[in-house]
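Structure first, then comments.
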Amino acid sequence: MKKNISKETILQVCMQKQEELINNFNDRVTERRADASIANQSASQSEDRNAGDLEVLNTLENQLVFAKLELSGLIAIDPTQKNTTIEPGAVVVTDQRIFFIAVSSEKVEVDGEVIYGISTNAPIYSVMQGLAKGDKFEFNGTAYDIQNVY
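Written out as structure tokens, the structure reads:
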């Protein structure tokens, strides 16, 4: 059985990862804005090129807004809350993986264990929602045995 890792520690690592993502998007948006400004000043740039650059900038800005929303979702989680069923804020230990029900994120490593962040909008969440320790579920052909929920 996998060890229980502090929910507070998992939350801190996920928030740090989210802040890094936000900083990366901020840098990319700033860079694109500077490029767009230079392109607007250059007579040699075509309108099609400017439109494409603005579309990329708009996409990056939207991703930045989404990343900030997900960070505020993480901030709202109470790490002292004890969960007995799979719901937002729960850590789910299965025989296959450890999941943190919060936001969709890249896997993070905490105390030597890999944790997968799952959004409540993820298809796997709809399959596992409300289950508890000892329950089983299947997703994409993989069977999971829930060893703990906290």
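Residue numbers (the working numbering): 71 to 220. The C-beta atom is built at its ideal place from N, Cα and C for all residues, glycine as well.
Just curious, the alpha helix (DSSP H) that residue i is in, first and last residue?
{"i": "isoleucine 216", "result": "Counting along the chain, isoleucine 216 falls outside any alpha helix (DSSP H), though it belongs to the beta strand (DSSP E) covering 212-219."}
Across which residues does DSSP place residue i in a beta bridge pair?
{"i": "tyrosine 186", "result": "Phe169"}
{"i": "alanine 202", "result": "Thr155"}
Locate the beta strand (DSSP E) running through residue i, then write down its first and last residues.
{"i": "lysine 206", "result": "206-209"}
{"i": "glutamate 179", "result": "178-180"}
Give me, in chain order, the residues of the same chain whose beta-carbon lies closer than 8 Å to that of residue i; leave out the 5 immediate sequence neighbours on both sides.
{"i": "isoleucine 147", "result": "Leu81, Pro158, Gly159, Ala172"}
{"i": "asparagine 191", "result": "Ser174"}
{"i": "threonine 212", "result": "Gln166"}
{"i": "glutamate 78", "result": "Pro149, Thr150"}
{"i": "isoleucine 92", "result": "Leu134, Ala137, Lys138, Leu141"}
{"i": "lysine 73", "result": "Asp181, Glu183"}
{"i": "alanine 104", "result": "none"}
Just to confirm my understanding: we take residue i, look at its own chain, exclude 5 residues before and 5 after, and list those with CB closer than 6 Å. What are they?
{"i": "serine 116", "result": "Note that serine 116 has pLDDT 49, beneath the 50 cutoff, so the model's placement of it is unreliable and the number below is only indicative. Closer than 6 Å at the Cβ level, and outside the excluded window around serine 116, lies no residue."}
{"i": "tyrosine 61", "result": "Coverage of the chain is limited to positions 71 through 220, which leaves residue 61 absent and any answer about it impossible."}
{"i": "asparagine 210", "result": "none"}
Looking at the C-beta of residue i, does it have a partner C-beta in chain B at a distance below 7 Å?
{"i": "aspartate 215", "result": "Of the protein chains in this structure there is only one, and it is not chain B."}
For residue i, I'd like the list of residues in its chain whose CB is within less than 7 Å of its CB, leaving aside the five on either flank, ordered along the chain.
{"i": "lysine 177", "result": "Val184, Ile185, Tyr186"}
{"i": "aspartate 165", "result": "Tyr214, Asp215, Gln217"}
{"i": "alanine 84", "result": "The identity of residue 84 in the sequence shown is cysteine, whereas the question assumes alanine. Cβ neighbours of cysteine 84 beyond the five flanking positions: Leu144, Phe170, Ala172, Ser175, Val178, Gly187."}
{"i": "glycine 204", "result": "Ile216"}
{"i": "phenylalanine 95", "result": "Leu130, Gln133, Leu134, Ala137"}
- Entirely within the stretch 123-167 and at least 4 residues each: give me those alpha helix (DSSP H) ranges in chain order. You should have found no qualifying run.
- Report yes or no: do the stretch 164-183 and the stretch 129-136 share at least 3 C-beta pairs separated by less than 8 Å? Result no; under three Cβ-Cβ pairs closer than 8 Å.
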